[in-house]
Amino acid sequence: MRRMRYVLLLTITLMFSGSACVVTAADPIAASEVTGQRGLLRATATPTPNPPSTGQNALTIAMVRTDGQAATGCTIDVLPWMPAHGHGATATPLFEEEVGGIYLVSNINYTMPGHWELRVDAHCQGVTDHLVVSYEVQ
2 MRRMRYVLLL TITLMFSGSA CVVTAADPIA ASEVTGQRGL LRATATPTPN
52 PPSTGQNALT IAMVRTDGQA ATGCTIDVLP WMPAHGHGAT ATPLFEEEVG
102 GIYLVSNINY TMPGHWELRV DAHCQGVTDH LVVSYEVQ
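The opening residue of the sequence shown carries number 2 in the working numbering; numbering runs sequentially from there.
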């Protein structure tokens, strides 16, 4: 009888302890380091917010050539793409060079949570390369 009361008490405690759980924000993700498909450019990409979430987002990209020098004066085209659904985002991302090969891509609008790719075409000092940065959007 004593054991049965203990099991019942334990069961009730476990049932109600779940109602007081705390939901926390997802942990930030590390910066993504990617190399272009042609191997001519490398980039370190950091999302804002971190981790990415539905709605407006931005991406800071530090771009270097294979010789290690900052890739300055680039023109960057970014296509947000959700491969599982075969669609992009509704807004066109904008870019600006902040300083010495560091670019801010803004107006990235993820329309739903899930796996997204940012397909980046970079044209820098006569060098063109294609980079892909992937994120799980919350």
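Glycine included, C-beta positions come from ideal geometry on N, C-alpha and C.
No experiment lies behind these values; they were computed from the predicted model shown.
{"query": "Under 8 Å between C-beta atoms of VAL133 and VAL65", "result": "no"}
{"query": "Of the residues GLY40, ASP78, LEU42, the one placed nearest LEU105, counting alpha carbons only", "result": "ASP78"}
{"query": "Euclidean distance between Cα positions of THR47 and ASN58", "result": "11 Å"}
{"query": "Top-ranked residue by Cα proximity to THR67, from THR129, GLN139, PRO29, GLU99", "result": "THR129"}
{"query": "Among GLY69, PRO84, ILE62, ALA72, nearest to TYR111 - alpha-carbon criterion", "result": "PRO84"}
{"query": "Separation of PHE96 from ALA123, as counted between CA atoms", "result": "11 Å"}
{"query": "Integer-rounded CB distance, given that ILE109 should sit under 8 Å from ALA90", "result": "7 Å"}
{"query": "Distance between GLU118 and ALA92 (C-alpha atoms, nearest Å)", "result": "15 Å"}
{"query": "Coarse secondary structure for ALA85, derived from DSSP in three states", "result": "coil"}
{"query": "Residues bridged to PRO48 [DSSP beta-bridge criterion]", "result": "LEU60"}
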